[in-house]
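Colleague: Chains as they are written, first to last, in the numbering used here: chain B, 2 to 118; chain C, 19 to 379; chain Z, 12 to 166.
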Amino acid sequence: MYKNFEVIESSLEKIKEDIKNFYDPSKYHFITINAIDLGNGKVNIKWFFAKYEVMDKPIAFSVDATYEDTIPSIVDIIPSAWLSEAELADLFGLNIEGAKKGLFLEPDSPPAPLRRS
Amino acid sequence: MENKMIVPFGSQHITLLEPVRFIFETENEKIVNVDVDVGYVHRGIEKACQTKLNYKQVAYIIPRICGLCAMSHALAYITAVEKILEFDPPKKAKYLRVLVHELDRIHSHLFAMAHVAEAAGYENLVMHLFRDRELAMECLEILTGNRVQYDYGCIGGVNRDLTPEVEKILRKKLKKLEDRIHWFKDLYMNDYTLSLRWKGIGVISKEMAEKYNAAGPVARASGVRTDARAEFDALPYRDLGFEMIVYKDGDIYSRNLVRLDEIFVSLRIIWNILDGLPEGNYKEEVKGLPKGESVCRWEAPRGELFMHVRGDGKQILTRVRVKTPTFSNIPVLRELFVGANYADVPAIITSFDPCMSCTAR
Amino acid sequence: MLKMFIESLKNLFSEPATLPGIGTEAPKGYRGLIVFNKEKCIFCTKCELVCPVDAIKFIYPEDGSRNLEFNYNPFLCIYCGECVRACPKDGALIQTNIVPEPGTQEDNPNEKWFEIERRAQESKKKWQIALAKKRQEALKKAKKQPPSDKKGSKK
Ligand code: SF4
Ligand code: SF4
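Structure (structure tokens):
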């Protein structure tokens, strides 16, 4: 299933702690957060990291959630994550703590365009 | 509170190439707070790739995200799909991909340098840079058939072979280009105007670049050793004499020098390819439907491009996510503005070489 | 700075880098307009299928035959060349190095193309029905004949 990256399964409650224990700014490069709509109101979210300067597989933390769940924000651990979180909040309509909406979409565009209904 | 001023910058501004909006809160000349809006050009390309187009067609739509790094987008996507299909492209195709990708980097870097020079008011240099960029564009045109949208890679290899005639023209033009780049290097090192305008302005420290996860030339100018060409095993960069360019100062000047030196590295890689192109097929048939998930990290001219593709064994993919270089650089850009002089804003923005049509997609 | 000054002075007396503007020709191998050759085409509609932007549309004939009408929209085409590569018949589709002209109001490219898209869709449906009918008739004929054969064989 996962062809060229490593996946660490986590859960909504634990994810923040996991990333906190894992992330070292001088060793890892935070890439982005991505969501995949799995259908039936379920969504899979992945946080991607890669090592600096070493040829190694990227690492992803994976969490399964639903659209109703509140997803914890990691901005206090990785300050640059706010943009990725804002994008997910806009394009998927996810409830991410403290994420600003309306950054990627205009007020008159359809809400959560990447959601599959 | 009285001497605070709100100054909007963008979405249309004389120094901005693409629509992005900053709202600066300034105190005299100093910026104390910034707000940013990036989504003016959201076109829903990801949505189209997941609903309308089959996975082979996506390879021709994805490069339309951006004109300057079209090749990076296309090749990153193709690599990601090939990883899902567990297909290894022929060696010759890999070399030809590197060739086009590095030519693309050269013209993009010259373009970026020209715009920084323009923001500094150095019109003469702009004209020189743009003229010599034309050489790289012409090389790409005869090799791929178009100046901007190359459509050169395809799932399974590349679409065209490098014929001896084309190779001859490439060699001639690249020789000329190389001479010109040496001249530019000399100019950049010695010209008084450039150092006056750019040295010590918009400094990003190494800690800051790491904290905000800057990417590409911006990070490397600050001393962060990161380059997806050395961190992801998609193309044979190791055999081709790739070298990571890192500067320490982190100001506008070193960002320019990183770009300039990377052009030398690219040229060296291109010479190596032209001298030692392997024999064999340049394209192979790929069978099967993508089932699984893969990622691709790719060093686009502006920084790290990231693709995340998931297919569920259908013609149409479940998810195509493009994380573009400028997307990574917006957070550090915002942080950098706090405490900067308002007059330096245009120079700082252009030195990041932002690409908004990539960021918003 | 002196260097730049000298270079600029040199440029004053050298050939201009820009082209004269008229008569510029696209190089050999430029990906330009797609040209269709009806004589060679076998109407497999592969080109229509692979085109990422639907710039090729076939209008189907009413009678269910395979005599389709090729329509191509140069203003929609992105010149990727995918149709040419997909075409099984050499020479039916060729990518020339003719640089496409921009569309103007007189060409009325949008309305014309929308009309073609609509007709293509409708004609395909009709054609499928006609084809199904044709097949049924052929099947009936085929069914009618075998019994007579059988009778013959019984005798
Ligand atoms: S060149 Fe590409 S866009 Fe144009 S008609 Fe052929 S497949 Fe379609
Ligand atoms: S792919 Fe070639 S042969 Fe088939 S319909 Fe198109 S032009 Fe005709």
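Note that CB positions come from ideal geometry on N, CA and C, so glycine has one too.
Is Z:F24 buried or exposed, if buried means 16 or more other CB atoms sit within 10 Å of its CB?
Modeller: Burial call: exposed.
Colleague: Within its chain, find whatever has a CB closer than 7 Å to the CB of C:G28; leave out the 5 residues flanking it on each side and keep chain order.
Modeller: Closer than 7 Å at Cβ, skipping near neighbours: L34, P37, V38, R39, F40.
Colleague: Taking the C-alpha atoms as reference points, what is the distance between C:F370 and C:I24?
Modeller: Rounded to the nearest angstrom, the two C-alpha atoms are 23 Å apart.
Colleague: Return the chain-ordered list of same chain residues with a C-beta closer than 6 Å to the C-beta of C:A252, the five sequence neighbours on each side being excluded.
Modeller: Cβ neighbours of C:A252 beyond the five flanking positions: T97.
Colleague: Under a Cβ-count criterion, where at least 16 other Cβ atoms within 10 Å of its own Cβ denotes burial, should Z:R129 be classed as buried or exposed?
Modeller: Exposed, since its Cβ has fewer than 16 Cβ neighbours within 10 Å.
Colleague: Whole angstroms is fine: what's the gap from C:D245's alpha carbon to C:P319's?
Modeller: Taking the straight line from one Cα to the other gives about 11 Å.
Colleague: State whether the segment 32-48 of chain B contacts the segment 98-113 of chain B, with contact taken as three or more CB pairs (one from each stretch) at a distance under 8 Å.
Modeller: No, because fewer than three Cβ pairs between the segment 32-48 of chain B and the segment 98-113 of chain B fall closer than 8 Å, the two stretches do not touch.
Colleague: How many angstroms separate the CA atom of C:L128 from the CA atom of C:T162?
Modeller: Spanning the two alpha carbons is a distance of roughly 20 Å.
Colleague: Mind checking the segment 38-64 of chain C against chain B and listing, in chain order, the residues whose C-beta falls within less than 9 Å of any C-beta there?
Modeller: If the cut-off is 9 Å between Cβ atoms, the segment 38-64 of chain C has V54, D55, V56, G57, Y58, H60, G62, E64 near chain B.
Colleague: What number of angstroms, rounded off, separates the C-alpha of B:P73 from the C-alpha of C:F42?
Modeller: C-alpha separation (whole angstroms): 29 Å.
Colleague: Closer than 7 Å by C-beta to B:I46: which residues in its own chain qualify, once you throw out the five before and the five after it? Chain order, please.
Modeller: Hits under 7 Å: I34, A36, V64, A66, I72.
Colleague: Would DSSP call C:N11 helix, strand or coil?
Modeller: The displayed coordinates of chain C run from 19 to 379. Any statement about residue 11 of chain C would go beyond what the structure contains.
Colleague: Could you give the DSSP three-state label for B:I20: helix, strand or coil?
Modeller: Helix.
Colleague: Can you tell me which of C:C373, C:Y140, C:R243 puts its alpha carbon nearest to the alpha carbon of B:M56?
Modeller: Among C:C373, C:Y140, C:R243, the Cα nearest to that of B:M56 belongs to C:R243.
Colleague: Mind listing which residues of the segment 297-327 of chain C have their C-beta closer than 9 Å to chain B's C-betas, in chain order?
Modeller: Those residues of the segment 297-327 of chain C that come within reach of chain B (Cβ to Cβ, closer than 9 Å) are K309, G310, E311, S312, V313, C314, R315, E322, F324, H326.
Colleague: Specify, as a first and last residue, the run of the alpha helix (DSSP H) that C:E249 falls within.
Modeller: Note, C:E249: alpha helix (DSSP H), 246-249.
Colleague: Under a three-way DSSP split, which group does C:E43 fall into?
Modeller: Three-state DSSP puts C:E43 in a strand.
Colleague: Identify the contact partners of C:E249 in chain B, using a Cβ-Cβ distance below 8 Å as the criterion.
Modeller: Neighbours of C:E249 on chain B, chain order: A51, K52, Y53, E54, V55, M56, D57.
Colleague: List the residues of chain C whose Cβ lies closer than 8 Å to the Cβ of B:K4, in chain order.
Modeller: In chain order: K101, I102, E104, G310, E311, S312.
Colleague: For the segment 96-104 of chain Z and the segment 51-59 of chain Z, state whether three or more C-beta atom pairs, one from each stretch, are separated by less than 8 Å.
Modeller: Taking 8 Å as the limit for Cβ pairs, the verdict is that the segment 51-59 of chain Z does touch the segment 96-104 of chain Z.
Colleague: Beta-carbon of C:D197 versus every beta-carbon of chain Z: anything under 8 Å?
Modeller: No, its Cβ sits nowhere closer than 8 Å to a Cβ of chain Z.
Colleague: State the start and end residues of the unbroken beta strand (DSSP E) segment that holds Z:I67.
Modeller: Segment 67-70, the beta strand (DSSP E) holding Z:I67.
Colleague: Using a Cβ cut-off of 9 Å, pull out every chain C residue sitting near Z:G114, in sequence order please.
Modeller: Within 9 Å Cβ-Cβ: nothing; Z:G114 doesn't reach chain C, min ~18 Å.
Colleague: Cβ-heavy atom distance between Z:C91 and ligand 1 below 7 Å?
Modeller: It does: the Cβ of Z:C91 is within 7 Å (strictly closer) of some heavy atom of ligand 1.
Colleague: Please tell me whether B:T67 has its Cβ less than 8 Å away from any Cβ of chain C.
Modeller: B:T67 does not count as touching chain C.
Colleague: So Z:Y41 contacts chain C; which residues on that side make the cut at Cβ distance below 8 Å?
Modeller: Near Z:Y41 (Cβ distances below 8 Å), the residues of chain C are E159, G163, N164.
Colleague: Relative to ligand 4, is the shortest distance from any of its heavy atoms to the C-beta of Z:P99 smaller than 7 Å?
Modeller: As far as ligands go, the structure on display features ligand 1 and ligand 2 and does not contain ligand 4.
Colleague: Pull up the DSSP beta-bridge partners for C:N51, would you.
Modeller: Paired residues: C:E43.
Colleague: B:E14 lies in the beta strand (DSSP E); which residues open and close that run?
Modeller: Taken as a continuous stretch (DSSP letters only), B:E14 belongs to no beta strand (DSSP E), as it is neither H nor E.
Colleague: Is the closest heavy atom of ligand 1 to the C-beta of Z:A131 under 7 Å?
Modeller: Flag unset: Cβ of Z:A131 not near ligand 1.
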